[in-house]
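Shown next, in C-alpha cells, is the structure this report addresses.
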Amino acid sequence: MSERNPFGGTITHLSPAEVHQGLADGTILLVDVREPNEIQAERIPGAQTLPLSRFDPAALPDPQGKRLVFSCRSGQRSQQAAAVAQKAGLPYEEHMKGGIIGWREAGFEVERG
104 MSERNPFGGT ITHLSPAEVH QGLADGTILL VDVREPNEIQ AERIPGAQTL
154 PLSRFDPAAL PDPQGKRLVF SCRSGQRSQQ AAAVAQKAGL PYEEHMKGGI
204 IGWREAGFEV ERG
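Below you can see the structure in the form of C-alpha cells.
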C-alpha cells in the first residue's frame with residue numbers, strides 16, 4: 104500500500120520478508136543508501152550501494168525490469184532517497200521498512216567485513 108512519504112512524494116513500505124523473496128526470485132534490485140563505513144561493517148547480500156550523502160538519482164543503476172527498492176539502517180534514509188528520486192522524475196517509491204535492522208531481526212543473512 105502506498106502512502107504519503109514524509110520527505111515528499113509517495114512511499115510504499117515493503118517488509119524484509121518481501122524484499123528477501125524479491126532478491127531470491129530476481130524481481131527486486133535493492134539499493135542501500137547507507138554510508139561506506141556502515142556498508143563495510145555489514146551489508147545485505149546482493150544489494151547495490153549509493154550513499155545518501157552523495158545521492159544522485161542519475162547514478163541509480165538501471166533496474167532492468169526489476170523493482171528498485173531502497174534500504175538503509177532503519178528506514179528513514181531510504182524514504183529520503185525515494186523522495187529525491189521522485190523529485191527527479193523517477194518512479195521509485197518502494198523501500199524496505201526497518202532497514203538492515205529489520206532485516207537482521209527477521210533472521211536474514213548479512214555479510215560482514
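Counting from 104, one number per residue, gives the positions in the sequence shown under the working numbering.
We put the beta carbon where it would ideally sit given N, CA and C, even for glycine.
Status (buried if at least 16 other CB within 10 Å, exposed otherwise) for residue i
i, result
"Val213", "exposed"
"Arg180", "buried"
"Gln183", "buried"
"Met199", "buried"
"Ala127", "exposed"
"Gly201", "buried"
"Ile203", "buried"
Residue i vs residue j beta-carbon contact at 8 Å
i, j, result
"Ala185", "Leu163", "no"
"Ala191", "Pro119", "no"
"Thr115", "Glu196", "yes"
"Leu117", "Pro160", "no"
Residues of its chain near residue i, where Cβ-Cβ distance is below 6 Å and the 5 sequence neighbours each way are ignored
i, result
"Arg215", "Glu145"
The alpha helix (DSSP H) enclosing residue i, as first and last residue numbers
i, result
"Leu171", "Note, Leu171: premise wrong, no alpha helix (DSSP H); beta strand (DSSP E) at Arg170 to Ser174."
"Asp128", "Pro119 to Asp128"
"Ile142", "Pro139 to Ala144"
"Ser181", "Gln179 to Lys190"
"Glu208", "Gly202 to Glu208"
Close beta carbons around residue i, own chain, < 8 Å, minus the five adjacent residues each side
i, result
"Gly149", "Leu126 and Leu133"
"His123", "Trp206, Ala209 and Phe211"
Residue i: CB within 7 Å of a non-hydrogen atom of the ligand ATP
i, result
"Ala127", "This structure lacks the ligand ATP, and indeed carries no ligand of any kind."
Start and end residues, beta strand (DSSP E) containing residue i
i, result
"Ile131", "Ile131 to Asp135"
"Arg157", "Neither: Arg157 is in no beta strand (DSSP E) and is coded neither H nor E."
"Glu106", "Ser105 to Arg107"
"Glu196", "Careful: Glu196 lies outside any beta strand (DSSP E) and carries neither H nor E."
Cβ-based neighbour list, residue i, same chain, cut-off 7 Å, excluding 5 preceding and 5 following
i, result
"Ile142", "Asp135 and Thr152"
"Gly168", "none"
"Pro166", "Leu132"
### Message
Whether or not the stretch 169-179 and the stretch 135-155 are in contact is what I'm after, with contact meaning three or more pairs of Cβ atoms, one per stretch, closer than 8 Å; do they touch?
### Response
These segments touch.
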